[in-house]
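> Starting off with a structure, shown below.
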Amino acid sequence: MIDRRAALTGLSAAILSSCTGEAATTDAAPLKSFLTAPLGVAAMTAEFADPQWQALTATHFDRLTPEWEMKMEYILQSDGSHRFEAPDRLLRQAKLNRQGIFGHALVWYAQDGAYFQNLRSDKARFEAAYRAYVQAVVGRYTGQVDGWDVVNEPILDDGSGLRNCLWRDVLGDYYIDIAYHAAHGADPACPLVLNDYNLEHTPAKRRQFLKLVDDMQKRGVPLHVLGTQTHISAALEPGALKATLRDLAATGLKIHVSEVDVSLKEAAKNAFDFKSYRAQQIRQIEELAEAWLSLPVAQQYGITIWGLRDKDSWYNRSQKGLLADEPLLFDDTGALKPLGQAFVKALR
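In case it helps, mature numbering (1 follows the signal peptide of the UniProt record, and there is no 0) puts the sequence shown at residues -23 to -1, 1 to 325.
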């Protein structure tokens, strides 16, 4: 349903406009105060220049997730060297505000890079470099992050099996296990996450995701948390979110609702009138909160909202002049929207 690769590939070349003005406030208590687990928000270093963004994220969120700047496309250079300037800056920002930071993501089918492409004909060198990359990135932040998305989006959209990608082409299905063992070796105390999207929109994909989880557990792979991204349409079938969290929780692992936004444009199929979908959007966020509260507290790893204000959403960075989406909890002025208010009320 959602083509995130098209939206994110090449983001390194994008220029994000920074905002100015007085820091906005809301009358509501901090959103993070309504959860016992951390409430996170996606972040980019370009947003640090915006005082409103700084104030709102510091007030309302416990955790930052680098939206792009801890991914391989940023870190890995064509000669195999690594750059860590942006991840380090994100970590400093989080520490400044006494927030955690979540590592996203080590291995993703959509990003590999010239360095690994050049090694694909030599399996032994490729595997050694693959392990070394994971160990180097995790090792740099040992004891400083709340967890890692180790493998991101491994399941085909139709749920028929694992995605084809460079990692699988060279290393086979075992590429997943290699990454988790390498990450665990670099930071044995760090929670390791398997993360994917459309698990609620496509039950067949959820079943395949859970089959992979079961197989990994049987093989003794160090897996501690399941991430369900929850990039959802306002028109998602009622009950789908509850079913998804219930099925994931049945594994006994912790649950990260990892990249939440509720798209009006997806529901409206790019029509120019969202009016009839706003009530559905609110019902979705209410169901999410209710499903979250139904989880055992011991399995509540956290909820992460995929952006602060609507104008910060990845949906709107790819609009190219089309009607802007409104998928997040805060509007462009920094005010808590009815969607955010409904989220708070349901959590209460």
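Yeah, the Cβ is synthetic: ideal placement off N, Cα and C, and Gly gets one too.
I need the DSSP call for residue 60, collapsed to helix, strand or coil.
In this structure, residue 60 counts as coil in the three-state DSSP scheme.
> In angstroms, rounded to a whole number, what distance separates the CA positions of residue 85 and residue 156?
Going from the Cα of residue 85 to the Cα of residue 156 covers about 11 Å.
> Can you check which of these residues, 267, 26 and 302, is closest to residue 321 by C-alpha distance?
Looking at the Cα atoms, 267 is the closest of the given residues.
> Over what stretch of residues does the alpha helix (DSSP H) that includes residue 190 continue unbroken?
Run containing residue 190: 180 to 195, per the alpha helix (DSSP H) assignment.
> With a floor of 4 residues, list each alpha helix (DSSP H) that falls wholly inside the region 246 to 299, ordered by position along the chain.
255 to 270 and 291 to 294, all fully within the region 246 to 299.
> In this structure, how does DSSP classify residue 319 when only helix, strand and coil are distinguished?
Note: residue 319 maps to helix in three-state DSSP.
> Enumerate, from N- to C-terminal direction, the unbroken beta strand (DSSP E) stretches of 3 or more residues contained entirely within the region 32 to 86.
Counting whole runs of 3 or more residues, the region 32 to 86 contains the beta strand (DSSP E) stretches 40 to 43 and 80 to 85.
> So what's residue 114 in DSSP terms, helix, strand or just coil?
Helix, per DSSP.
> Beta-carbon separation of residue 122 and residue 78 under 8 Å?
Yes; because the gap between Cβ atoms is below 8 Å, this pair is in contact.
> Which same chain residues, not among the five before or five after residue 288, have their C-beta less than 7 Å away from its C-beta?
Counting only Cβ-Cβ distances below 7 Å, and skipping sequence neighbours, we find 309.
> In terms of residue numbering, what span does the beta strand (DSSP E) encompassing residue 126 cover?
Its beta strand (DSSP E) spans residues 125 to 129.
> Answer yes or no: do residue 324 and residue 11 have a C-beta to C-beta separation smaller than 8 Å?
Cβ atoms of residue 324 and residue 11: closer than 8 Å.
> For residue 88, name the three-state secondary structure that DSSP assigns.
It is a strand residue.
> Drop a sphere of 10 angstroms on the beta-carbon of residue 165, count the other beta-carbons inside from all chains shown, and report buried for 16 or more, exposed for fewer.
That one is exposed.
> Which residues does DSSP pair with residue 139 in a beta bridge?
Residue 139 is bridged to 132.
> What did DSSP end up calling residue 173 once you bin it into helix, strand or coil?
It is a strand residue.
> Taking 8 Å as the CB-CB cut-off, is residue 77 touching chain B?
Given the protein chain composition of this structure (a single chain), no chain B is represented.
> Should residue -2 go down as buried or exposed, given a rule of 16 or more other Cβ atoms within 10 Å for buried?
Low confidence applies here, because residue -2 scores a pLDDT of 35, under 50, leaving its location unreliable and the question unanswered by this model.
> In whole angstroms, give me the CA-to-CA distance for residue 43 and residue 263.
The straight-line gap from Cα to Cα measures roughly 26 Å.
> State buried or exposed for residue 74, treating a residue as buried only when at least 16 other CB atoms are found within 10 Å of its CB.
Classification of residue 74: exposed, given that the 10 Å Cβ count is below 16.
> Give me the Cα-Cα distance between residue 134 and residue 170, rounded to the nearest whole angstrom.
Each residue's alpha carbon lies about 19 Å from the other.
> Decide yes or no for the touch test of the region 103 to 113 against the region 60 to 69: beta carbon pairs closer than 8 Å, at least 3 of them.
Touching, no.
> Could you tell me which uninterrupted beta strand (DSSP E) segments, each at least 3 residues in length, are contained entirely in the region 219 to 249, listed from first to last along the chain?
You should have 231 to 240.
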